[in-house]
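**Q** For the sequence shown, the positions run 99 to 149 when my numbering is used. Just passing along the structure, written as structure tokens.
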Amino acid sequence: MATPLVAGSVALLREHFMENRGVTPKPSLFAGASDIGVSYYDQGLRPGRSK
Numbered sequence: 099m100a101t102p103l104v105a106g107s108v109a110l111l112r113e114h115f116m117e118n119r120g121v122t123p124k125p126s127l128f129a130g131a132s133d134i135g136v137s138y139y140d141q142g143l144r145p146g147r148s149k
């Protein structure tokens with residue numbers, strides 16, 4: 099039952115960002131992200147193959 103709670107919380111945060119700050123949250127998330135140093139291949143993922 100956590101999914102509806104998280105979805106509702108994200109919707110409220112998105113509405114707050116759009117109405118009160120005039121920005122979309124996606125660029126803010128990308129700007130605040132940091133590289134954890136794990137490559138695509140180190141995670142066991144390969145192009146064209148699904149787990």
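Each residue gets a CB set at the ideal place from its N, CA and C atoms; glycine is no exception. For clarity, every value in this text was computed on a predicted model and none was experimentally measured.
Give the C-beta separation of P123 and L110 to the nearest angstrom, bearing in mind that I take them to be a contact with Cβ-Cβ under 8 Å.
**A** About 11 Å; that fails the 8 Å criterion.
**Q** Give a single yes or no on whether V121 has its beta carbon closer than 7 Å to a heavy atom of the ligand MG.
**A** This structure lacks the ligand MG; in fact it carries no ligand of any kind.
**Q** Where does A131 sit, in a helix, a strand or coil, going by DSSP?
**A** It is coil, neither helix nor strand.
**Q** Does DSSP put V108 in a helix, a strand or coil?
**A** Three-state result, V108: helix.
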